[in-house]
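In the order they appear, the protein sequences are chains A and B. Following the working numbering, the residues of the first sequence are numbered contiguously, the last one being 424. Following the working numbering, the residues of the second sequence are numbered contiguously, the last one being 424.
Number of protein chains: 2
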Amino acid sequence: MTESNKETFMDKKLSRRRMLKMTGAGAAGVAIGASGLGGVLKAFGVPDFLEDDTSVENKVNFYGKHQSGIATEVQTHVYFASLSVLVKSKAELQELFKMWTPMAVSLMNGKPIGETKNSYVPPVDTGEAIGVDAKNLSITFGVGPSLFKNKSLGLSHLKPKELNDLPHFPKDQLEEAYTGGDLCIQACADDPQVAFHAVRNLVRAASGKVSIKWTQAGFNSIPVNKEGKRETPRNLFAFKDGTENPRSEKAMNDVVWVQKGESKPWMTNGSYLVVRRIQMHLETWDRTSLQAQEDTFGRYRHNGAPYGKENEFDAVDEDRKDENGNYVLPETSHVFLARQVKARIMRRAFSYSSGVIDHTGAYDAGLLFISFQKNPQQFTDIQNALGRLDKMNEYITHRGSGVFACFPGIKKGSYIGEALFNA
Amino acid sequence: MTESNKETFMDKKLSRRRMLKMTGAGAAGVAIGASGLGGVLKAFGVPDFLEDDTSVENKVNFYGKHQSGIATEVQTHVYFASLSVLVKSKAELQELFKMWTPMAVSLMNGKPIGETKNSYVPPVDTGEAIGVDAKNLSITFGVGPSLFKNKSLGLSHLKPKELNDLPHFPKDQLEEAYTGGDLCIQACADDPQVAFHAVRNLVRAASGKVSIKWTQAGFNSIPVNKEGKRETPRNLFAFKDGTENPRSEKAMNDVVWVQKGESKPWMTNGSYLVVRRIQMHLETWDRTSLQAQEDTFGRYRHNGAPYGKENEFDAVDEDRKDENGNYVLPETSHVFLARQVKARIMRRAFSYSSGVIDHTGAYDAGLLFISFQKNPQQFTDIQNALGRLDKMNEYITHRGSGVFACFPGIKKGSYIGEALFNA
Ligand code: HEM
Ligand code: HEM
């Protein structure tokens, strides 16, 4: 028996009776009820407070002015979860976010949510990420419009007026199975299992307090060039996706981060997340000429440059006309249309590929479109500009939707959403 | 305009008329019909023969004694596709595999299936893997029992007697949506988009000749230790999965590779693939004590060592008893039971996590179990040994199934499945 095994057995002996009392389990190894889990975990292994461990490799910081997973350089994987709230009071909801805070720090430190010290209860952490480093895990928490309609929580007076379900857009075919949610957790990492593990453990620790409404896993394939520099990933239409995005601090403040006075005070330094599960009809796209594909975006496929320009990051000039007086960018192109309104957004999307649709054999694949903006209206303005004109409409169908107010960043000693609960 | 853009426009001018004739498209950019696609691709950009480019980074070889993706060190992602055959003759099926051969080589070289030289037809390659290296892509082709029952193909006399749908096992809850198939393509890579891209392009080039029956994406999170060595990945129950597997050449010949005279001659050096889509009931598992979890396998969670041993790779001794005469390995444990029969298999599994099951909110997650063996009976013997006794049955449900005869490796100048067509 190794030292570590010995330790486990020692612990068992010492605390077995206490465990059985605690869990109400009549015999060793008996499963405990769902609702008792959070308490057991917290009592036996989850710390109350944790700091970012900056010695960890591939580590994103939890604490800061803004939440992680928004300005964070996009990772290769996401596991996005939309949750329903089961708690019946504001105090319980507050407790939930307090409990989640050190867990999220621990996960982002590449550690389990807590140490399992005893074999007679379920492991504190589900364990599938043991031995894998932090993988740049980021965890972003948000609250949806329905949370504020929930009377027993008494939060309705704190709903920002801009936080509403998105309007119905002409070609939407939203499915209940991918729409809405009281809370969201966006876990992004450079490993699918690490992202999944984060959501699974947060939800599990909150069993009886939240339930899953829908989830979607997604990925980005990030090319690295000869100089070792990351390039813009391509979506499943093979076009570079994410080129035109706010990046400077000024642009982020203009577009993404809620400034003082722009929303409810508890949202200052936060941002609004819009998620759309957009099916891409790959079979139709794949029968379309390269010319028509490029006309769809107004960009070249091979290097992502805008029509009439040479390089991916050359400025788009949507007003430019050729010698015949025609716009250089096709007037039905996605980029031309997206630029007909002033609003801007920060896109942080992932591809998904979830098998095939049962009755048709078509790929259930597309874009898990995620954008951040200081007001969901920015998204709505652009989506309306794309409207019925966007040539891309022939090739896509919006199947899911959500909008969430993502809290500002968390200060050490504080907890996720504190400003909301103290408002 | 850059040099490369100029080239594209030159090409367009030169061959536009030829294109329009070829595709029957009346106007530039008009989509062409599904059935015409393969021919167009082949005529304009797919080579007839290609060699492994050993100068490419992260490259698995296509040609060899055995197909890739079997003995190949397991990658982090799989996209598994089961296909139905639409062709009506052996000659057409043979043409299909001939067409796929150089495409598979090109993909495994980290290249598109062919060069797109003209904008007035659909791109030869769908392009989403441009700029990403080979990512250790392996592509494994197999044929299912139903292919030999298809009268128009005239292959029935070539069916190996061991190639049959698996028998119904007591606790099976197989769904048609994840079961069977005439052909399979297993694409594995260290990138989800590269794996998906491979299947998408092979299937697209074969449009009108095959259709997709079902697909499943999967992943492995492979820990790397301090010495930079890869460790055994953990499944979603957090246990190291793949520890006990044939590895030596002798073991591979005994367990995995069909030897001369052991099956139909066309299968010599090939192997049989069994795939099972096994849902893992994570919610139930996560309420189970660590002790009971470890008893389920007869191995320790933290390091994967078998009960009574110290290290992951220590030999399992299923006959050993303790001082009271009880087996050290629980008699209902997965490992104990799997060892009650002589048969062995090589497991090469991936986890999957495909959202939640609509009406219950339970994770649609589990193991895309894939095993290779020289005879599917080896799998059946073990599955029968697990039978109704396996403690793990409480936590899993088999939802999908397939069995495929994977051809031997391909010699340069030959093509996938040649031995079958020449038999
Ligand atoms: C499957 C759906 C979509 C695909 C495949 C897609 C793809 C693209 C591509 C390839 C670009 C050009 C490269 C870049 O700047 O990133 C782009 C730009 C853009 N897209 Fe989308 N997009 C999709 C949906 C949407 C939606 C729903 C919105 C918002 C309503 C949107 C807003 C934008 C904006 C604002 C730009 C930048 C335009 C500019 O300022 O140049 N996209 N998209
Ligand atoms: C979700 C389903 C399954 C899970 C989670 C699972 C997990 C495991 C684990 C953790 C081990 C021990 C570590 C190792 O040697 O890799 C193992 C061993 C093994 N499993 Fe499974 N397994 C599953 C399904 C199956 C099925 C369907 C079969 C075949 C019918 C199978 C056959 C084996 C064999 C042969 C061994 C090695 C036993 C030995 O010789 O020590 N497993 N499995």
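Glycine residues also receive a C-beta, built at the ideal position from the N, C-alpha and C atoms.
Touch check for the stretch 114–130 of chain A and the stretch 225–244 of chain B: three-plus C-beta pairs under 8 Å?
yes
Is A178 (chain B) close to chain A, meaning its C-beta is less than 9 Å from at least one C-beta of that chain?
yes
Nearest residue (CA-CA) to G262 (chain B), options B:T180, B:A135 and B:K162:
B:K162
Assuming T269 (chain A) and P409 (chain A) form a contact by the criterion Cβ under 8 Å, report the distance between their Cβ atoms to the nearest whole angstrom.
About 6 Å; that satisfies the 8 Å criterion.
Rounded separation between L274 (chain B) and V329 (chain B) - CA only
Straight-line spacing of the CA atoms in L274 (chain B) and V329 (chain B) works out to 33 Å.
Short CB-CB distance (under 9 Å) between N325 (chain A) and chain B
no
To be precise: take each residue of the stretch 115–140 of chain B, compare its Cβ to all Cβ atoms of chain A, and keep it if any distance is under 8 Å. Which residues remain?
T117, N119, S120, Y121, V122, P123, P124, T127, G128, E129, A130, I131, G132 and V133
What first and last residue would you give for the beta strand (DSSP E) that runs through F405 (chain B)?
I397 to C407
So D359 (chain B) contacts chain A; which residues on that side make the cut at Cβ distance below 8 Å?
A178
Residue(s) in a DSSP beta bridge with Y353 (chain A)
Beta-bridge pairing links Y353 (chain A) to A:G367.
Segment contact flag, the stretch 149–161 of chain B with the stretch 197–209 of chain B, C-beta cutoff 8 Å, min 3 pairs:
no
Delimiting residues of the beta strand (DSSP E) encompassing R277 (chain A)
S272 to M281
So which residues of chain A does F370 (chain B) contact, with C-beta pairs closer than 7 Å?
The premise fails here: F370 (chain B) is roughly 16 Å from chain A at the closest Cβ pair, so nothing lies under 7 Å.
Closest by C-alpha distance to R205 (chain B), when choosing among B:F63, B:W101 and B:G143
B:W101
Within the 9 Å Cβ cut-off, does K150 (chain A) reach chain B?
Answer no: the Cβ-Cβ gap between K150 (chain A) and chain B never drops below 9 Å.
Between K214 (chain A) and chain B, is the shortest Cβ-Cβ distance under 9 Å, so that the two count as touching?
yes
Inter-residue spacing [alpha-carbon to alpha-carbon] between E332 (chain A) and Q294 (chain A)
14 Å
Starting from Y64 (chain A), follow its DSSP beta bridges and name the residues at the other end.
A:I411
Nearest-angstrom Cα separation, counted from H282 (chain A) out to S354 (chain A):
12 Å
At 8 Å on the CB atoms, spell out the chain A contacts of G356 (chain B), in chain order.
W215, T216, Q217, A218 and S355
Beta-carbon gap between T141 (chain A) and I213 (chain A) smaller than 9 Å
By the CB criterion at 9 Å, T141 (chain A) and I213 (chain A) fall outside the cutoff.
For the candidate residues A:D255, A:Y416, A:S402 and A:N385, whose alpha-carbon lies nearest to that of P146 (chain A)?
Measuring from the Cα of P146 (chain A), the nearest candidate turns out to be A:S402.
In the DSSP assignment, what residue or residues form a beta bridge with L184 (chain A)?
A:L84 and A:V144
For H158 (chain A), three-class secondary structure by DSSP
helix
Count the other C-beta atoms from every protein chain shown that fall within 10 angstroms of the C-beta of V303 (chain A), then say buried if there are 16 or more, exposed otherwise.
A small fix is needed here, since residue 303 (chain A) is His in this sequence, not Val. Burial check for H303 (chain A): the Cβ neighbour count within 10 Å reaches 16 or more, so the residue is buried.
With 16 other CB atoms within 10 Å as the buried threshold, where does K310 (chain B) fall?
buried
What's the gap between the Cα of T361 (chain B) and the Cα of A178 (chain A)?
11 Å
Output yes if chain B places a C-beta closer than 9 Å to the C-beta of A406 (chain A); else output no.
no
Check whether the Cβ of R349 (chain B) lies closer than 9 Å to any Cβ atom in chain A.
no
Counting along the chain, where does the beta strand (DSSP E) carrying T216 (chain A) start and finish?
V211 to F220
What would DSSP say about K251 (chain B), mapped onto helix, strand or coil?
helix
Contacts around V57 (chain A), its chain only, beta-carbon distance under 6 Å, and the 5 residues preceding and following it disregarded
N110, G111 and A135
Compare the C-beta of N226 (chain B) with all C-beta atoms of chain A and state if any pair is closer than 9 Å.
yes
In the DSSP assignment, find the unbroken alpha helix (DSSP H) run with S107 (chain B) in it and report its ends.
K91 to M109
Compute every distance between the C-beta of E245 (chain B) and the non-hydrogen atoms of ligand 2, then say whether any falls below 8 Å.
Under cutoff, so the answer is yes.
Do you know offhand how far K210 (chain A)'s Cα is from G143 (chain A)'s?
16 Å
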